[in-house]
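Take a look at the structure below.
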Amino acid sequence: MNESTCEINFFQRKNINKKLKIVFFIAIALASVGLYAQSLGIKDIKIGKGKEALKGTQVTVHYVGKLENGTKFDSSRDRGTPFTFVLGEGQVIQGWDKGVLKMREGGIRKLVIPPSLGYGARNVGPIPANSILHFEVELLTVK
7 MNESTCEINF FQRKNINKKL KIVFFIAIAL ASVGLYAQSL GIKDIKIGKG KEALKGTQVT
67 VHYVGKLENG TKFDSSRDRG TPFTFVLGEG QVIQGWDKGV LKMREGGIRK LVIPPSLGYG
127 ARNVGPIPAN SILHFEVELL TVK
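With the sequence shown counted from 1, adding 6 to any position gets you the working numbering.
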């Protein structure tokens, strides 16, 4: 092996290392986006002072549901009728079962629900397939 061959091998290795680093960073970025897209966003607007919503409890809520573009698709408030379900029993989308958990009566929470915890690849009424859902949920009662 002569000097020029060593230089070529050195530069080839250096370029391969650069390419591997780029591929590695792209993979991390894509994985981060994928993980973010699958995670539930929760933000407490008001912390309640009443009973805590735990798995198996019956909860009654008022809610407003919107799409990413801000279009309202459902509202218990507009109907004037709160919604009641048993938490953790699969009666609602997973994003609600997870997002309402540990709220306290009187609390208001914003939920950003990815498709994997919402309706997934299905069209449901005015909700297009693979939609990210935004809900504002007020916990009225826990029984």
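The beta-carbon is built from N, C-alpha and C at its ideal position, and this holds for glycine as well. All of these numbers come straight from a predicted model, not from anything done at the bench.
- In this structure, the beta-carbon distance from Lys-49 to Arg-110 does not fall below 9 Å.
- About 19 Å separates the CB atoms of Lys-72 and Gly-113; that is not less than 8 Å, and the two are not in contact.
- Distance check between Leu-46 and each of Asn-129, Ile-99, Thr-147, Ala-127 places Ile-99 closest, using alpha-carbon atoms only.
- Within the segment 51-76, the complete beta strand (DSSP E) segments of 3 residues or longer fall at 64-73, listed in chain order.
- The three-state reading of DSSP puts Leu-93 in coil, since its state is none of H, G, I, E or B.
- Below 8 Å, enough C-beta pairs join the segment 56-69 and the segment 100-107 to call them touching: three or more.
- Only residues of its own chain outside the window of five on either side were considered, and among them Leu-73, Glu-74, Pro-121, Gly-124, Tyr-125 have a CB closer than 8 Å to the CB of Ser-137, listed in chain order.
- If you draw a 10 Å sphere on the C-beta of Gly-101, you find 16 or more other C-beta atoms in it, and that means buried.
- As DSSP reads the structure, Gly-47 sits in a beta bridge with Val-118.
- Straight-line measurement puts the Cα of Leu-145 at about 12 Å from the Cα of Leu-60.
- Nearest Cα to Gly-131 within the set Gln-97, Asp-80, Gly-76: Asp-80.
- By the neighbour-count criterion, in which 16 or more other beta carbons inside 10 Å mark a residue as buried, Arg-83 falls on the exposed side.
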